[in-house]
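Enquirer: Everything in the sequence shown is counted per my numbering, starting at 231 for the first residue and increasing by one. Every residue gets a Cβ at the ideal spot worked out from N, C-alpha and C, and that includes glycine. Right, I'll just put the structure down here and ask away after.
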Amino acid sequence: MSYSRSNAAAAAKEAKVVDLFQQIALDSSQQKEDKSDKTADEASGEGEETNDNVGKNTENTDAYCLFVGEKGGGKSCLVGLFMGKEEDVKPTVALDYQFARRPRAGSTNNSKDISHVWELGGNLSVPELISIPLRRGLDKSVVVVVVDTGRPENVVGSLKKWLDLVRDRIDVEMREFEAKEPARAKAMFEEAERRFGVDHPDFSSVNISPVPIVIVANKYDKLKEEDSAGRRCLMQALRFVAHGIGATLVFASTRDKQSRDLFRSVARQSLFDQGPVASAAVEGGSEQQQQNAKWKKAANFGDSAPLAVKPGCDTFEAILAAMPKGTVKSDFVGHNGIGPRATETWAKSLEVFYGRSTLDDKKEEAKLELDDEGENDGGGGKANSYPEPAVDEARAAANLRLTQYKKEVQRRQEIAAAAIDVEKPRERERKSRKSSDRDKSSGERRRRK
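Below, the structure written as structure tokens:
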């Protein structure tokens, strides 16, 4: 009974935290969304029937994008890079929202397409928050998963964690979407298959996401400093995972012009479906030629330049041409598709070069910090016998947001108090003058009488 009560209490606590963060995220993004809607209306001349719009399809062409990844992985910098705001950025606590505009293709009346960009704080992996951007426009959404190649030992574990979270939420939202919009849901699956290529030799072995996913291997400038053998193994692992779900893979760095331009190109195409991806590391001709050849001529990837791989432009055969030491092909892929322990095998192979992953250590440090601050006990000074890591990290982030809010309120109160202190002498002076004027008026009236 006590275990059931503890589980029920944990579930109730988690629900409250989720509700809190959903409200915070919705409140903070709603004003910005309203601003983007107003901006779009102004740009498109809402309420005016222009010649450009007569007889043309004016359906909503907005795009929706969500950035996820570990704390400190560089998500905010990448969002800023895409948005053209490369100034110093602050860490994201909960769910941040921005929007970008571009001229609408084929429009002659300055109409704009809006890209709505959300970023989920890396210290918060609450699945329900992932759904907030997806529900805005599931069939027009893109999810960007950012991994920090500056910490190569954690790349595979981090990627698996976030892909599992994202894919689970996509499945949940797709079931609801299919029930409401079966035709549009079917079109999403068909489009995903088209992007990958139904005639691809690996088509029956992959599990393609109906919502496009972009995997960004960030901080490529640091990865270049690593040993070439380890770097090559890491690139193989990322190519394998990306290919297995039909995702786009791009290496990026905000400090390297070549990879900056590459990321912008991929982001522009993924969010706005605009312009070709200009990969610097794919041999065999231009992007257009690669698109035409697709899998028929497997691309060769080097390990000394940033690369971008579009869905269906890679093969398991090419990726596993040189397998990690001590592994065989069946460790990764077999007749029934991707092996159940393939990701774990890649992680073990990378340990040879980079050592054991420290992701679990970070979780333990966060837990200890909560214990030290008294935030991980059940209240009343008694330790919680049934801790919930997701709830605890959500509560820690909520406390941080609350602290920041309190500081802001205190700052405003201090400013208001200072203004009052300045105003009080002036008010006393005005009252004194009014009193003096009344006395003078009274004296004048008495003299007249």
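Since methionine 313 and alanine 330 should fall inside the 8 Å C-beta cutoff, what is the C-beta to C-beta distance between them, to a whole number of angstroms?
Expert: That pair is a contact at about 5 Å.
Enquirer: Answer yes or no: do serine 483 and aspartate 451 have a C-beta to C-beta separation smaller than 7 Å?
Expert: Closer than 7 Å, so yes.
Enquirer: Measuring straight from C-alpha to C-alpha, what distance separates alanine 577 and arginine 334?
Expert: The alpha-carbon atoms of alanine 577 and arginine 334 are separated by roughly 43 Å.
Enquirer: Mind listing, in chain order, the continuous alpha helix (DSSP H) runs of no fewer than 4 residues lying wholly within the region 361-418?
Expert: Qualifying alpha helix (DSSP H) stretches, in chain order: 385-410.
Enquirer: Which residues in the same chain as valine 496 place their Cβ atom closer than 7 Å to its Cβ, once the five residues preceding and following it in sequence are excluded?
Expert: Excluding sequence neighbours, valine 496 sits near Val444, Thr478, Val480, Val507, Ala538.
Enquirer: Give the straight-line distance between the Cα atoms of phenylalanine 562 and aspartate 394, rounded to the nearest whole angstrom.
Expert: Those two C-alpha atoms are separated by around 18 Å.
Enquirer: Give the secondary structure of serine 341 by DSSP, where H, G and I count as helix, E and B as strand, and everything else as coil.
Expert: If DSSP states are grouped into helix, strand and coil, serine 341 belongs with coil.
Enquirer: Note down, in chain order, each residue of its chain lying with its Cβ closer than 8 Å to the Cβ of arginine 414, except the 5 sequence neighbours on either side.
Expert: Only Asp369, Phe407 meet the Cβ criterion.
Enquirer: In the DSSP assignment, what are the bridge partners of glycine 564?
Expert: According to DSSP, which records beta bridges pairwise, glycine 564 is partnered with Gly567.
Enquirer: When the Cα atoms are used, what is the spatial distance from leucine 589 to aspartate 457?
Expert: About 22 Å.
Enquirer: Write down the C-beta distance between leucine 325 and isoleucine 362 rounded to the nearest angstrom, noting that I regard them as a contact closer than 8 Å.
Expert: About 6 Å separates the two Cβ atoms, so the contact holds.
Enquirer: Quick one, are the C-beta atoms of lysine 449 and aspartate 378 less than 7 Å apart?
Expert: Yes; because the gap between Cβ atoms is below 7 Å, this pair is in contact.
Enquirer: Are there 16 or more other CB atoms within 10 angstroms of the CB of glutamate 300, so buried, or fewer, so exposed?
Expert: Looking at its Cβ environment, which holds 16 or more other Cβ atoms inside 10 Å, glutamate 300 is buried.
Enquirer: Counting C-beta neighbours from all protein chains within 10 Å, is the total for valine 446 16 or more, i.e. buried, or is it exposed?
Expert: It is buried - the Cβ of valine 446 has at least 16 other Cβ atoms within 10 Å.
Enquirer: Taking all protein chains shown into account, do 16 or more other C-beta atoms lie within 10 angstroms of the C-beta of isoleucine 360, making it buried, or fewer, making it exposed?
Expert: Buried, because 16 or more other Cβ atoms sit within 10 Å of the Cβ of isoleucine 360.
Enquirer: Could you check the C-alpha separation between isoleucine 549 and serine 500 for me, to the nearest Å?
Expert: Whole-angstrom Cα-Cα distance: 24 Å.
Enquirer: Can you tell me whether DSSP reads glutamate 455 as helix, strand or coil?
Expert: Coil, per DSSP.
Enquirer: Mind checking who glycine 299 pairs with in its DSSP beta bridge?
Expert: Glycine 299 pairs with Val376.
Enquirer: Return the CA-CA distance between glutamate 383 and asparagine 339, expressed in angstroms with no decimal places.
Expert: Looking at the two C-alpha atoms, the distance is approximately 51 Å.
Enquirer: Out of Arg485, Arg366, Gly542, Val436, state which residue places its alpha-carbon closest to the alpha-carbon of asparagine 566.
Expert: Measuring from the Cα of asparagine 566, the nearest candidate turns out to be Val436.
Enquirer: Anyone know if the C-beta pair for serine 587 and glycine 427 falls short of 7 Å?
Expert: Against a cut-off of 7 Å, the Cβ pair of glycine 427 and serine 587 comes out as no contact.
Enquirer: What's the C-alpha gap between glutamate 423 and proline 412?
Expert: Using only the alpha carbons, I get a separation of about 17 Å.
Enquirer: Helix, strand or coil: how does DSSP classify isoleucine 549 here?
Expert: Looking at isoleucine 549 - three-state DSSP - the assignment turns out to be helix.
Enquirer: Does proline 357 come out as helix, strand or coil in the three-state DSSP assignment?
Expert: It is helical.
Enquirer: Between the Cα of cysteine 543 and those of Leu464, Pro554, Gly474, spot the shortest distance and give me the residue it belongs to.
Expert: Ranking Leu464, Pro554, Gly474 by Cα distance to cysteine 543 puts Gly474 first.
Enquirer: Taking valine 373 as the reference, give the member of Leu389, Ala409, Leu580 with the closest Cα.
Expert: Residue Leu389 is the option with its Cα nearest to valine 373.
Enquirer: Look at the Cβ atom of glycine 476, then the Cβ atom of isoleucine 438, and state whether they are nearer than 7 Å.
Expert: Yes, these two residues count as a Cβ contact at 7 Å.
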